[in-house]
Amino acid sequence: MDGERDYDYMFKVIIIGESGTGKSCLLHYLIENRFKRNPNHTVGVEFGCKRLSIGDKQIKLQIWDTAGQERFRSVTKSYYRGAAAALVVYDITNSESFQKLPSWINDVRTLSRPNISLIVVGNKCDLKSSRAVSVVDASCFCQEQEVPLIETSAATGENVEEAFMKLAKSVLTKLDNKQL
Ligand code: GDP
Ligand code: MG
Numbered sequence: 001m002d003g004e005r006d007y008d009y010m011f012k013v014i015i016i017g018e019s020g021t022g023k024s025c026l027l028h029y030l031i032e033n034r035f036k037r038n039p040n041h042t043v044g045v046e047f048g049c050k051r052l053s054i055g056d057k058q059i060k061l062q063i064w065d066t067a068g069q070e071r072f073r074s075v076t077k078s079y080y081r082g083a084a085a086a087l088v089v090y091d092i093t094n095s096e097s098f099q100k101l102p103s104w105i106n107d108v109r110t111l112s113r114p115n116i117s118l119i120v121v122g123n124k125c126d127l128k129s130s131r132a133v134s135v136v137d138a139s140c141f142c143q144e145q146e147v148p149l150i151e152t153s154a155a156t157g158e159n160v161e162e163a164f165m166k167l168a169k170s171v172l173t174k175l176d177n178k179q180l
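Counted the way the working numbering counts, the sequence shown spans residues 1 to 180.
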């Protein structure tokens, strides 16, 4: 670390996926450590920062939220530009949000750098009795796509930090291997 900044690396991370899957809640939970039930009823968070320590490295994540643009499928190219990593979110209680994953993954792969690190996030895993997407189906899909899968809950906080941590580690590994 040098004297001018207090981190070793800063990565841009984007959150994409269908509207209502809990993207804004995931970002709120990561930053504020609590569930914000109605994130859209306040001024939309457009991005947030989170620091993580990985080994002896200090990482600063600059995390971008679509802030409602995804509802109109109008996520702009500049949203994707320069992103080192992306969370592609579906809602485990909504099979349509899962069926839309290929289209989101295709967008991210065409509109951002080719070796961007991805993770598929099955959110709302606290709502077990309303599950509409099985872990087996999600795992099969993610294996085909060669993307890791994690189930999270922005209501309880389960695996929220882990999802971002996994992504950050993947970006660091690519940097170490000079793939970025
Ligand atoms: P976005 O459109 O993808 O940003 O989704 P939001 O973050 O606005 O969340 C949509 C709705 O799902 C809100 O009513 C949230 O309260 C709810 N929600 C988000 N994440 C979770 C979760 O993990 N569990 C439960 N039970 N509800 C959630
Ligand atoms: Mg949102």
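Glycine is no exception: its CB is placed at the ideal position from the N, C-alpha and C atoms.
Give the single residue among the options whose Cα lies nearest to the Cα of residue i.
i    : options                 : result
C125 : A154, F141 and N106     : A154
V108 : S129, S78, R51 and F141 : S78
A14  : K57, A84 and E96        : Correcting the residue type first, residue 14 is Ile in the shown sequence and not Ala. Comparing Cα positions, the closest option is A84.
T152 : S53, R5, K23 and K174   : K23
V88  : F141, S134 and R37      : F141
If I measure Cβ to Cβ from residue i and keep anything under 8 Å in the same chain, skipping five residues before and after, which residues do I get?
i   : result
Q69 : V75, T76 and Y79
Would you mind reading off the limits of the beta strand (DSSP E) that contains residue i?
i    : result
Q143 : From DSSP, Q143 is part of no beta strand (DSSP E) but of the alpha helix (DSSP H) over V135 to Q145.
A85  : A85 to D91
T65  : Thr is not the amino acid found at residue 65; the sequence shown has Asp there. Here the beta strand (DSSP E) through D65 covers K57 to D65.
Just curious, the alpha helix (DSSP H) that residue i is in, first and last residue?
i    : result
K77  : K77 to Y80
N115 : From DSSP, N115 is part of no alpha helix (DSSP H); its letter is neither H nor E.
E96  : S95 to Q99
K169 : V160 to D176
For residue i, collect the residues of the same chain with a Cβ closer than 7 Å to its Cβ; drop the 5 residues on either side in sequence, then sort them by chain order.
i   : result
T93 : K124, L127, S130, R131 and A132
Y29 : F35, A154, G157 and V160
R37 : none
If residue i and residue j are in contact, beta carbons under 8 Å, what's the gap, nearest whole angstrom?
i   : j   : result
Q62 : F47 : 6 Å
Y90 : E18 : 7 Å
Quick one: residues in its chain with C-beta nearer than 6 Å to the C-beta of residue i, no 5 flanking neighbours on either side, listed in chain order?
i    : result
G82  : K12
S170 : S117
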